[in-house]
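Notes to accompany the following structure.
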Amino acid sequence: MTAETAVTGSTSGAAPPVLEVREIGKSYGSVIALRGVSASLGVGEVLCVLGDNGAGKSTLIKILAGAHEHSEGALLAYGQERRFSSPREALDLGIATVYQDLAVVPLMPVWRNFFLGSELTKGRGPFQRLDVQAMRGTTKTELARMGIDLRDVDQPIGTLSGGERQSVAIARAVHFGAKVVILDEPTSALGVKQAGVVLKYIAQSRDRGLGVVFITHNPHHAYPVGDRFLLLRRGTSLGEFAKRDITIEEMTRLMAGGAELEALTHELERPKGA
Amino acid sequence: MLRRPEIGAGVAALAIFAYFSATTQTFLTAPGVSTWLYSSSLFGIMAVAVALLIIGGEFDLSAGAMTGTTGLIVGVVTTQWGLDIWLALLLALVIALSIGAANAVVVIKTGLPSFIVTLATFFILQGVNLAVTKLITGSVAIQGMNDVPGFGQVEWIFGSSFSFLGMNLKIAIVWWFAITALATWVLLRTKAGNWIFAVGGQVTSARQTGVPVMQTKIGLFMTTAGAAWLVGMLQLFDVSTVQATTGIGQEFIYIICAVVGGCLLTGGYGSAVGAAIGALIYGMTLQGIVFAQWDNNWLKAFLGSMLLLAVLVNLYVRRRAGVRE
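Chains as they are written, first to last, in my numbering: chain A, 981 to 1254; chain B, 35 to 359.
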């Protein structure tokens, strides 16, 4: 159960993984931000990307989301090698990223947020107008499919809880054709209860056949919902593990840097008999 | 309360209406009503346009002076240079829209607050209005509009009156109602309206979801300039003269009307109907104080109090919507 047991390629039979990276890396000038990272994500799977601050998580997201091009290795979507030069290209392949700020406008109603930038209209020319009824209805049903029951989609999205807002953002990505959702630290700003709500929706998305990339620095959030775990540290991979191959304790130990944590524990212990 | 930005203003308008109707002889008579409706209409058209701009997260302090600029352009080119009146109208509109677009481009390209950028435009327009008018006409007002060929036809559009329920109403009131209805429709029932709320509410989110932020803001500044042109024409063809100082000092009144009508100064929330009601409150008070024969200076004190009250109510609304920065 060391980094050597890391798996590359899909383990779920014939279908190629929806998203895969092989020995991928990124350098900004002479600074190497990420190096030699391999991982894969199948249909209906949750891949958790774990790491401390500065481990390279955000660089990896940016590559997957199409915000930054990778400089080494290969990125594969549906088994085909790709090179994204803009987020639009990733989106067109159904890879949607939900960033921490969620891209919502707090004072606008839930349904207006849901369709912002992709509004449904009816009528022609100067009589073109919003199809309010259709948008309200779709928002309600899409949210219901995620297990969110809103009494009123007309309430400002700012009045929803953090977990609910996160879920609306996920539901929006799914409605607009996402097959893979990349969630950037969706639980980090939330309390225990709200984080639980988000984890439930991640499981729900997985059960609907989506691939989920879940970025977090909290093993306790990742472990219950994840199928695979990619551990990053200082820009390199500590390996990709299937759930059966790793325990939560070991994950915590690896993330914190094993020996370093042990040394710290030793240092912090009360001196005996003093 | 949270859903309807205009409710607070509506209640205040009713109270003011009831108060002046009960305490003065003139307020509720036919001439009285047409006086305060007309007064409200000119402020109302501007307040509605300015409200859209504020909802979109920007200000335009040059809007008041612009009403003077457009009137002066038409006045100068027709009376001094004999340009066809229809061409003069078009010319003034094109210049107004260009200044609006220029305001927008400077604001967006530099990232400077629109408050500062349009303050500069305001001073430029104020100076140019006076200097150029004096240079060309030798005085600070336009005379002789009545003799311009075609004045009568244009006057029918901008300066005529009609009777309704025994009142002699000016056409500006119809323009005010039409503009308010149109703005409400755009705001609540079109894509552009959705985008206005979004760019004012959270511009980064708007950008991330693919809203054309730049076009939306340019459109808003041009709308305000276009409204200033309309009000400039309504004033010019009502009294057939225009002073070089027209509109100066009114930019804040438009903003106050919009805020009293429920617009958040920070953007992202408000309504066109609210702004129209804000202007109605202003118009009723302006004339009501005259009818009641009070010292006119009470108007400013009243205006300040209304603004403070409205801002407090708006703050409460914002807190309740749980907006976290």
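Even for Gly, the Cβ is constructed at its ideal location relative to N, Cα and C. Fair warning: this is a prediction, and the values are worked out from it, not measured in the lab.
Starting from residue i, find everything on chain A with Cβ-Cβ shorter than 8 angstroms and list it in chain order.
i                            : result
phenylalanine 231 of chain B : Val1085, Leu1087, Met1088 and Arg1092
Just verifying my parser: in three-state terms, what is the DSSP assignment at residue i?
i                           : result
glutamate 1242 of chain A   : helix
aspartate 1164 of chain A   : strand
serine 96 of chain B        : coil
phenylalanine 61 of chain B : coil
serine 1185 of chain A      : helix
cysteine 1028 of chain A    : strand
leucine 1156 of chain A     : Note on identity: in this sequence residue 1156 of chain A is phenylalanine, with leucine being the wrong assignment. Looking at phenylalanine 1156 of chain A - three-state DSSP - the assignment turns out to be coil, as it is neither helix nor strand.
glutamine 160 of chain B    : helix
glutamine 177 of chain B    : coil
leucine 169 of chain B      : helix
threonine 991 of chain A    : The predicted model places threonine 991 of chain A with a pLDDT of 46, which falls under 50 and marks its position as unreliable; any figure quoted below should be read in that light. Residue state, collapsed to three classes: coil.
methionine 981 of chain A   : The pLDDT assigned to methionine 981 of chain A is 38, lower than 50, so where the model puts this residue is not dependable; a value taken from the coordinates is nonetheless given after this. In this structure, methionine 981 of chain A counts as coil in the three-state DSSP scheme.
proline 1089 of chain A     : strand
leucine 43 of chain B       : The sequence shown places alanine at residue 43 of chain B, rather than the leucine named in the question. Three-state result, alanine 43 of chain B: helix.
arginine 1063 of chain A    : coil
glycine 1016 of chain A     : strand
glutamate 1230 of chain A   : helix
valine 351 of chain B       : helix
valine 67 of chain B        : helix
isoleucine 1075 of chain A  : strand
proline 183 of chain B      : coil
valine 998 of chain A       : coil
alanine 986 of chain A      : Unreliable positioning characterises alanine 986 of chain A in this predicted model, as indicated by a pLDDT of 40, which lies under 50. The coordinate reading is nonetheless provided below. In this structure, alanine 986 of chain A counts as coil in the three-state DSSP scheme.
valine 1148 of chain A      : helix
threonine 1216 of chain A   : strand
leucine 1021 of chain A     : strand
Shortest alpha-carbon distance to residue i belongs to which of the options?
i                         : options                                       : result
valine 1029 of chain A    : A:Ile1128, A:Asp1129 and A:Tyr1203            : A:Tyr1203
leucine 1040 of chain A   : A:Gly1009, A:Gln1060, A:Val1026 and A:Glu1003 : A:Glu1003
valine 1172 of chain A    : A:Gly1142, A:Val1154 and A:Ala1070            : A:Gly1142
valine 998 of chain A     : A:Arg1116, A:Ala1076, A:Pro1067 and A:Gly1009 : A:Ala1076
threonine 1119 of chain A : A:Gly1103, A:Ile1150, A:Pro1106 and A:Gly1105 : A:Ile1150
Thinking C-beta only, is residue j closer than 8 angstroms to residue i?
i                             : j                          : result
leucine 86 of chain B         : leucine 254 of chain B     : yes
threonine 103 of chain B      : leucine 159 of chain B     : yes
phenylalanine 185 of chain B  : isoleucine 107 of chain B  : no
glycine 42 of chain B         : valine 293 of chain B      : no
asparagine 13 of chain B      : serine 96 of chain B       : In this structure chain B extends from 35 to 359, so residue 13 of chain B is not present and cannot be described.
leucine 1021 of chain A       : valine 1205 of chain A     : no
tyrosine 1181 of chain A      : methionine 1235 of chain A : no
leucine 1179 of chain A       : histidine 1200 of chain A  : no
lysine 251 of chain B         : glutamate 92 of chain B    : yes
leucine 1264 of chain A       : valine 1161 of chain A     : An answer regarding residue 1264 of chain A cannot be provided, because it is not within the stretch 981 to 1254 covered by chain A.
glutamine 269 of chain B      : alanine 1083 of chain A    : no
phenylalanine 1094 of chain A : arginine 1152 of chain A   : yes
arginine 1302 of chain A      : valine 1133 of chain A     : A query on residue 1302 of chain A cannot be resolved here, the shown segment of chain A reaching from 981 to 1254 and no further.
alanine 995 of chain A        : valine 1026 of chain A     : no
threonine 57 of chain B       : glycine 134 of chain B     : no
valine 82 of chain B          : isoleucine 176 of chain B  : no
Find the residues of chain B that neighbour residue i, judging by a C-beta separation of less than 9 angstroms, and give them in chain order.
i                       : result
leucine 1081 of chain A : Contrary to the premise, residue 1081 of chain A reads as aspartate rather than leucine in this sequence. Here the neighbours are Gln236, Thr238, Ser239 and Gln242.
Give the interface partners of residue i over in chain B, defined as CB-CB distance under 7 angstroms, in chain order.
i                        : result
arginine 1109 of chain A : Arg223 and Thr224
Give me the DSSP bridge partner(s) of residue i.
i                             : result
methionine 80 of chain B      : Its beta-bridge partners do not exist; DSSP assigns none.
methionine 201 of chain B     : B:Phe198
threonine 1101 of chain A     : A:Leu1110
phenylalanine 1209 of chain A : A:Cys1028 and A:Phe1221
threonine 1119 of chain A     : Beta-bridge pairing links threonine 1119 of chain A to no other residue.
glutamate 1052 of chain A     : A:Gly1005
glycine 1191 of chain A       : A:Val1160
valine 1011 of chain A        : A:Tyr1008
Taking residue i as the query, report the chain A residues whose CB atoms sit under 7 angstroms from its CB, ordered along the chain.
i                         : result
tyrosine 303 of chain B   : Leu1087
asparagine 348 of chain B : Result: empty, since nearest Cβ-Cβ is about 11 angstroms, beyond 7 angstroms.
Name, please, each residue of chain A whose Cβ falls closer than 9 angstroms to the Cβ of residue i.
i                         : result
asparagine 228 of chain B : Met1088, Arg1092, Phe1095, Leu1096, Gly1097, Glu1099 and Leu1110
valine 245 of chain B     : Leu1096 and Gly1097
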